[in-house]
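Residue numbers (my numbering), protein chains in the order written: chain F, 1 to 300; chain B, 1001 to 1539.
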Amino acid sequence: MLTYKKRDTFLQRLHPVSGISLIVLYIAAFLTIDNPLYLMGVFLSLLLLSYFDGCLNEILKYGEIIFPFAFLIMILNPLLVKNGSTVIYNGHFNIPVLGRVRITSEAVLYGIVIGLRMVCVVMVCGFFNMVINPDRTFTFFSKFMKKSALLMSMTIRLFPQIMKSYRSVVEAEKLRGGEILNKGIKNKVKNYGNIVNILFISSLEDSGDMAESMYSRGYGIGKRSTYFNEKMGFWDFVYVFVCIGIFAYMGIINSEGLNTMNYYPKCDNPFKTANIYGYVMVLLFFIPAFINWGFKKWKY
Amino acid sequence: MEILEAKDVTYYYPETDKPAIKNINLKINEGEFVLIVGPSGCGKSTLLRLFNRTVPDFYGGKIKGQVFIKNKLIKDMKKEDIVKNIGMVFQHPEKQIVLENVEREIAFGLENLNMDYNSMRRNVAEVMSLLGIENIKERGTSEISGGEKQRVAIASVLAMRPEVIMFDEPISQLDPIGAEDVLNSIKKLNRDFGITVILVEQRLDKCFDMADRIIFMDKGEIVGEGSPHRIPPFIDKNYFLPNISYIFKNAGYKELPVNVKEGRHLIKDRVFNEIESISSPEGEVLIEVKKLSFEYEKGKKVLRDINFNLKKGEVLAVMGENGAGKSTLFKIIAGVIDRYKGNIYINGKDISKLNIEERIKKVGYLSQNPNDYFGRDTVFDEVSYTLKNIGEYDKKRVNDVIKSMNLTEVEDKNPRDLSGGEKQRVAIACTIVSNPEILILDEPTRGMDGAQKENLGSIIEKMKSDGKTIVIITHDADFAGDYSDRTMLLFNGEIIAQGLSSDILFDSTYYSPLISRVFKGKARVIKSKDAALLLKVVK
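Okay, here's the thing in structure tokens:
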């Protein structure tokens, strides 16, 4: 299963604050970085970090699950967006809803980047599921932010719950001939849509039951104590410091326009817009993986 | 002394005009064990939720009347005081557990009460010892069995030291062993620790005789009150009584036994005629399984050398412990799982050679959780879905199936808004609409009340008379006894016994219906109807 399992790795032992800092950093990077070269670089650093943690296979499975949706975006963007100046194909007929098809290389490239971004963000969420202990995170944050911790706990649990139900829902769809719809992209997307719909509704219903269970055991009535205390260690401070440093550096790069890459009306050349500051940023993202590698080698 | 009281309480859920419970007047005494029984959707769970104020605080809605805890008006009490006094354990073990680690989960309520560390440690350790779960304290809550999960849920509530614990169908989702463990724990809490227990349950055979008082509910109202040996005479529905009591009641007995021992005592001096032995229906072989084996992971065999035949028009019950491979075996036959070794023939044709459309027309499989089916907006669309997928959509056929399942009134509703029994019927409708020759039902009676089971039983009988072959994978020996022709016992991936249900179930120590245990040594009975007839004849 693609859910948290105690493996006692370096990352799993980190304080929830350190783990969350790392995840927030990656999500911010994947959402703000425009240049696909940087995006690929940061993505590689995440894969390397997962490799050293021993959860690369699971993270790739998350990517595998989200890829059909990302692929759909890659296909739909050039069909729906008519911006861009380099026309690859100009349709001759009016198609209902879409109008006259006009495919530009800018829309194709932008679709690919958006799809890649989606895969990256989901894989970070998967990484989060594999390395962040939901109990420790919930217990720690619920001391300060009851409602946010509850929301966070529900969110953390939503994905694993969906993963647990996925197999049985797919089986039920298969038994009802849902897989026959797999013929053709349109039907494949429709079939996936059905499965996702069932999974989300079931997960929402389950979250309601859990919320009632928490409510009836007094969650949110006042100040909470903790059964297991969480303390920040040396490497927690190092991780938080590294994350803040990279975050600040990324902020400066963005504000100075060093990460700017235009897709419309004419797409910039990613190699030409890339610069030394951007490459340094990508390298900085390899520091957490390097620390993890060091731990495996020297057991500090 | 009364610990809980409801005075003239009527409650409406949000956006409904029909009350979920009405004119409720109920007093619960300190240390009492109260069992609340009634059909699904009669308001039992809502009644429980009055006493911890989740109704109306959590659910919203309108409430009339007054509720008291230790003579204090509940609406004037602080939430903290309610939580400290009243604990609640829910139906689904998975859905009420908040944390991943067993020990943390048990401490969850104590953390919410801001208890100091030393007191928490003591409470957690004590309840773990009391419920015998210290050995799983380091484990993940997702790794333990259903029965263990439910005991962890009880421990988590018990650690808060409430004076009253309410249980909302705590064993409905558990296998017999898990259910037994949980009920023993509940009994212990009441008898040895004086905790007031309010239990809502559908599986009455195991808990009816545990209660000091029984409250009978129907259509949102309390319709009667009694004790295991003082059941009001007008209480005659199967959802109010354990199966044994219901059979004796049907046979005209005034004194009703509530367990096997009492049943045996009542008939100890009686002699019964042997009932006609039942044989399996004659017919052509429909399914032939030869040397089937399967493993999910290399080296871990889930099924080993399975061989059996199933005839047309036959009803087969499949029983065995959890993880024995029951569902896996029939998922393979339904075509959900491949990569198996051996051969499976349906009507002489190897199923690996069937395409999906052919397979759906041959085999229908109803999985354990009806919610896995529901993604369409209305019952009608849901039932039509399979036919549309195989390109055989026919409005009349959909309407006929909806009518036969008694779902016409709800055909425009969203399936997720229906009651548990209705959901189950919709799921069955989705499965039989393609008119399969073989219908496989995986744990179909889980969470059903007596009336719903009877309804399902008549559906099975009707399908059988139409020449369909039915497989029931179940832990419910009474249901298997009532409706199956043959029984297969699976253990550790192997068939350890198969044959006529009248032989296999009657001779089984653990998987025999309760009524067979009552008649042991007197008559070979496995069906409730036969038992009632025998009892009537003797009288």
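Don't be surprised by glycine CBs; every beta carbon is placed ideally from N, CA and C.
Are the beta-carbon atoms of residue i and residue j separated by less than 9 Å?
i	j	result
Asn1114(B)	Gly1087(B)	no
Ile1470(B)	Glu1297(B)	no
Asp1209(B)	Asn1259(B)	yes
Glu1443(B)	Gln1498(B)	no
Tyr1239(B)	Asp1449(B)	yes
Lys1237(B)	Ala1451(B)	yes
Val1302(B)	Gly1342(B)	no
Val42(F)	Val240(F)	no
Arg217(F)	Gly1109(B)	yes
Phe1374(B)	Pro1436(B)	no
Ile1214(B)	Ile1231(B)	yes
Asn1540(B)	Val1083(B)	Examination of residue 1540(B) is not possible in this model, given that chain B is present from 1001 through 1539 alone.
Ile1351(B)	Arg1339(B)	no
Gly1041(B)	Gly1421(B)	yes
Asn1025(B)	Lys1007(B)	yes
Leu150(F)	Met74(F)	no
Phe93(F)	Ile291(F)	no
Val1009(B)	Leu1073(B)	no
For residue i, does the three-state DSSP call read helix, strand or coil?
i	result
Phe247(F)	helix
Leu25(F)	helix
Thr104(F)	strand
Phe1439(B)	Before going on, a small fix: residue 1439(B) reads as Leu here, not Phe. Looking at Leu1439(B) - three-state DSSP - the assignment turns out to be strand.
His92(F)	strand
Lys1007(B)	strand
Val1260(B)	helix
Phe67(F)	helix
Ala1317(B)	strand
Thr1469(B)	strand
Leu1286(B)	strand
Leu1073(B)	strand
Asn83(F)	coil
Phe141(F)	helix
Tyr1393(B)	coil
Asp1578(B)	Residue 1578(B) cannot be examined here, being either before or after the span of chain B that is shown, 1001 to 1539.
Ile1231(B)	coil
Lys266(F)	coil
Leu98(F)	coil
Leu1158(B)	helix
Asp1400(B)	helix
Leu44(F)	helix
Leu1113(B)	coil
Within 10 Å of its beta-carbon, does residue i have 16 or more other beta-carbons around it, so buried, or fewer, so exposed?
i	result
Val1537(B)	exposed
Leu98(F)	exposed
Asn1406(B)	exposed
Pro265(F)	exposed
Phe1234(B)	exposed
Trp298(F)	exposed
Met123(F)	buried
Leu1387(B)	buried
Gly1493(B)	buried
Which partner residues of residue i appear in the DSSP bridge assignment?
i	result
Tyr1012(B)	Lys1062(B)
Asp1168(B)	Val1200(B)
Leu1490(B)	Ile1495(B)
Ser1293(B)	Lys1341(B)
Phe1033(B)	Val1197(B)
Glu1225(B)	Ile1215(B)
Glu1002(B)	Asn1029(B)
Val1089(B)	Phe1167(B)
Lys1300(B)	Glu1297(B)
Tyr1365(B)	Ile1440(B)
Val1067(B)	Ala1006(B)
Asn1101(B)	Gly1140(B)
Taking a Cβ distance cut-off of 7 Å, strictly less, list which residues of the stretch 1044–1066 of chain B are near chain F, in chain order. Of all residues in the stretch 1044–1066 of chain B, Asn1052, Thr1054, Phe1058 have a Cβ within less than 7 Å of some Cβ in chain F.
For the stretch 182–210 of chain F, which residues have a CB atom closer than 8 Å to at least one CB atom of chain B, in sequence order? Answer in chain order: Asn194, Ile195, Asn197, Ile198, Ile201, Ser202, Glu205, Asp206, Asp209, Met210.
Along the stretch 1210–1241 of chain B, what residues have a CB closer than 7 Å to any CB found in chain F? Per Cβ criterion, the list is empty.
Which residues, in chain order, does the stretch 1473–1502 of chain B contribute to contact with chain F at a C-beta distance below 8 Å? Per Cβ criterion, the list is empty.
Using a Cβ-Cβ cut-off of less than 7 Å, list which residues of the stretch 1362–1394 of chain B approach chain F; keep chain order. Result list: Tyr1365, Ser1367, Asn1369, Asn1371, Asp1372, Tyr1373, Phe1374, Gly1375, Tyr1385, Thr1386, Asn1389, Ile1390.
Given a limit of 9 Å on CB to CB distance, which residues of the stretch 217–237 of chain F reach chain B? Residues Arg217, Gly218, Tyr219, Gly220, Ile221, Gly222, Lys223, Arg224, Ser225, Thr226, Tyr227, Phe228, Asn229.
Interface residues of the stretch 1108–1127 of chain B facing chain F [CB-CB below 9 Å]: Hits within the stretch, in order: Phe1108, Gly1109, Leu1110, Glu1111, Asn1112, Leu1113, Asn1114, Met1115, Asp1116, Tyr1117, Met1120, Arg1121, Val1124.
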